[in-house]
Amino acid sequence: MVSRRRAFVTASPLARLTVDLAAMGRNFDALQSHAGDAEVAPVLKADAYGIGSQVRTPVTDYLYTHKNVRTIFVATFAEATSLMLTSGRSGQEITVYALNGYAGEPRRAEWEATPVLSSPAQARAWQESGGGPCGIALDIGMNRLGMSIDEALALPASAGLDPHSITLVVMHLSHAGEPAAKENAAQAELFAKWSGALEAAYPQARFSLSNSGGLMMDLPAAQQVVRPGYALYGGAPDGNPDHALESVASFTAPVIMTREVTPGETAGYGGTWTAKRPSRLATIGAGYADGYMRALSNKGVVWLGGAECPVAGIVSMDLVTIDITDAPAPISPGDRAELFGEHIKLDRLAGLADTIGYELLTAVGNRVERVYTM
């Protein structure tokens, strides 16, 4: 139905996240160039930062098949087991480390996850459950997870761990998103010092310091494993869109309705946007339930009709209204607006929402369709 002021589409709106696997592969190659001889072990926690790993997805399969990935990191032990089960790859094929450690979760034989233990208590719980290969985490300044060097060296005595069962030692930079921070060099030095002390105690262990930010800083750390996540998916660890690799995820949603409004009319809950001139608005089929944050109300921009168009009013649960008055191309119901992607960079949009791109990417909702391309 079309009138002088309004046009709308009756088709059910469907927001979509399109994932470019080839771009992710090129990002992997770029990160490998920073890593040198170290193994690049992707971080797939939180459903691969929202782009999808918990069904038998092209994400996990692509990395395994095209990039020879054999080591993966997630957050929880249950998440690790689930990824192995849904990907159909057993512990004989792939090692999945659970960074949050072990707290007595059920163990699944051939689908065995490998915990990164952060305390002697976790180490005892792991040993009491049967033990086996594990990693350990040491704290070098974040005061989040990880044990002290003395606790790490005492694990065979305090927890009964076989020294040969420790396959990985992880440390984490507290200022990885701030390349100029003095803490980075100091913590890299501590990593080197503690690695030297632990090499003799745990002869099977490899060592890992760098996440995405640390890897792109090219810190002089002798490590055998690096753990990129956000940069692999096209984000900039320091939040500067100009420092990002290729965009991997494009978040789009359809135009449901367009309308003309006169000066003085308002849009959205509370009427926080007021037309100052004859204007044209488009209602987009995505809202904060889909991951387009309410913090973008009257701040965000989308790409539509060949131009950036500002958010007009409050972002609703399922909808957002856009001012398309200055868009150079015609806009009709059914057209798709880019919420972030090639034109609206993820980290730039995050800045408008006063958050980080990590949060925006992982916030993309379950009802958003995932489409994978190569």
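Under this note's numbering, think of the first position of the sequence shown as 1, with each following residue one higher. Note that beta-carbon positions come from the ideal geometry of N, C-alpha and C, so glycine has one too. As the structure is a prediction and not an experimental result, all values here were calculated from the model.
Beta-carbon separation (whole angstroms), residue i vs residue j, contact threshold 8 Å
i: Ala275; j: Gly268; result: Incorrect: roughly 12 Å between the Cβ atoms, too far for contact.
i: Ala327; j: Ala307; result: 5 Å
i: Pro310; j: Asp318; result: Not really, about 20 Å apart at Cβ, beyond 8 Å.
i: Val315; j: Arg294; result: 5 Å
i: Gly101; j: Pro120; result: Rounded, the Cβ-Cβ distance is 11 Å, inconsistent with contact.
i: Gly135; j: Asp162; result: 14 Å between Cβ atoms; not a contact.
i: Ala125; j: Thr81; result: That belief does not hold up - the Cβ atoms of Ala125 and Thr81 are roughly 16 Å apart, past 8 Å.
i: Thr176; j: Gly214; result: According to the sequence displayed, residue 176 carries Ala and not Thr. Yes, they are in contact, since the Cβ atoms of Ala176 and Gly214 sit about 5 Å apart, within 8 Å.
i: Leu190; j: Ile140; result: 5 Å
i: Met225; j: Glu39; result: Note that residue 225 corresponds to Val in the displayed sequence, not to Met. About 5 Å; that satisfies the 8 Å criterion.
i: Leu155; j: Ala103; result: Actually they do not touch by this definition, with Cβ atoms about 17 Å apart.
Classification of residue i by the beta-carbon crowding that lies within 10 angstroms, buried from 16 upward
i: Gly357; result: buried
i: Asn143; result: exposed
i: Ser148; result: exposed
i: Ser158; result: exposed
i: Asp37; result: exposed
i: Glu93; result: exposed
i: Pro333; result: buried
i: Asn68; result: exposed
i: Arg367; result: exposed
i: Pro220; result: exposed
i: Ala15; result: buried
i: Ala109; result: exposed
i: Pro228; result: buried
i: Arg70; result: exposed
i: Ala152; result: buried
i: Ala381; result: Summary: the structure shown does not reach residue 381, with the chain confined to residues 1 through 374, and so no result is reported for it.
i: Glu342; result: exposed
i: Met128; result: Here residue 128 turns out to be Glu, not Met, going by the sequence shown. It counts as exposed.
i: Thr258; result: buried
Residue of the options minimising C-alpha distance to residue i
i: Val19; options: Thr57, Ala186, Pro203 and Ala46; result: Thr57
i: Leu361; options: Pro156, Arg370, Val302 and Gly291; result: Gly291
i: Gly365; options: Glu342, Ala289 and Glu359; result: Ala289
i: Ala46; options: Ala98, Ala30 and Leu85; result: Ala98
i: Ser165; options: Ser210, Gly146, Pro203 and Ala35; result: Pro203
i: Leu173; options: Leu209, Arg280, Thr114 and Thr95; result: Leu209
i: Leu198; options: Gly132, Lys67, Leu138 and Ala176; result: Leu138
i: Ala30; options: His243, Leu117, Trp273 and Ile331; result: His243
i: Leu304; options: Pro330, Leu145 and Ala312; result: Pro330
i: Val170; options: Thr258, Trp194 and Arg259; result: Trp194
i: Val301; options: Thr258, Ala353, Ile256 and Arg259; result: Ala353
i: Ala41; options: Leu153, Phe73 and Thr60; result: Phe73
i: Gly285; options: Thr258, Glu39 and Ala253; result: Ala253
i: Ser250; options: Arg370, Gly141 and Pro156; result: Arg370
i: Asp61; options: Leu85, Met257 and Thr76; result: Leu85
i: Thr76; options: Glu359, Arg107 and Phe207; result: Arg107
i: Gln223; options: Glu128, Ser90 and Ala192; result: Ala192
i: Gly91; options: Glu105, Phe207 and Trp111; result: Trp111
Proximal residues to residue i (C-beta, below 6 Å), its chain only, five neighbours per side dropped
i: Ala23; result: Glu246 and Val248
i: Thr373; result: Asp20
i: Arg280; result: Glu260, Ile324 and Thr325
i: Pro133; result: Thr114, Ser165 and Thr167
i: Asn211; result: Ala176 and Arg227
i: Phe340; result: Phe251, Leu346 and Leu349
i: Ala188; result: Leu219 and Ala221
Close beta carbons around residue i, own chain, < 8 Å, minus the five adjacent residues each side
i: Pro241; result: Lys345, Leu346, Asp347 and Arg348
i: Ala363; result: Gly50, Gly291 and Met293
i: Thr440; result: Residue 440 lies beyond the residue range present for the chain, which begins at 1 and ends at 374; the question has no answer from this structure.
i: Val59; result: Val19, Leu21, Met24, Leu44, Ala48, Ile51, Gly52, Ser53 and Tyr372
i: Arg277; result: Pro263 and Thr325
i: Gly351; result: Gly239
i: Thr355; result: Met293 and Ala295
Neighbourhood of residue i by C-beta distance below 7 Å, restricted to the same chain and skipping five residues each side
i: Met216; result: His34, Ala231 and Pro237
i: Pro179; result: Met217 and Asp238
i: Ser118; result: Gly101, Ala137, Leu145, Gly146 and Met147
i: Asn27; result: Ala231, Leu232, Gly234, Leu245, Glu246 and Val248
i: Gly287; result: Val315, Ser316, Met317, Asp318, Leu319 and Val320
i: Lys182; result: none
i: Ser12; result: Residue confidence is low: Ser12 scores 44 on pLDDT, short of 50, so the model does not pin down where it sits. No coordinate-derived value is stated.
i: Leu63; result: Pro42 and Val69
i: Gly270; result: Ile314
At what residue ranges does the segment 139-201 contain a whole run of the alpha helix (DSSP H), taking only runs of 4 or more?
Those alpha helix (DSSP H) runs which fall completely within the segment 139-201 and span 4+ residues are 149-153, 155-158 and 182-201.
Restricting to runs no shorter than 4 residues, where is the alpha helix (DSSP H) found entirely within the segment 70-126?
Taken in chain order, the complete alpha helix (DSSP H) segments of 4 or more residues contained in the segment 70-126 are 77-87.
At which residue ranges does the segment 344-368 contain complete alpha helix (DSSP H) runs of 4 or more residues, listed in the order of the chain?
Correct list: 346-352 and 357-362.
For the segment 277-349, which segments carrying the alpha helix (DSSP H) assignment without a break, of at least 4 residues, lie completely within its bounds, in sequence order?
Runs found: none.
Alpha helix (DSSP H) segments (min. 4 residues) lying fully within the segment 207-236:
Here the runs fully enclosed are 212-216.
Report the start-end ranges of each beta strand (DSSP E) in the segment 234-270 that is 3 residues or longer and not cut off at the edges.
Correct list: 249-261.
If you scan the segment 12-70 from start to end, which runs of the alpha helix (DSSP H) of 4 or more residues do you find wholly inside it?
Listed in chain order, the complete alpha helix (DSSP H) runs (minimum 4 residues) inside the segment 12-70 are 21-35, 45-49 and 58-66.
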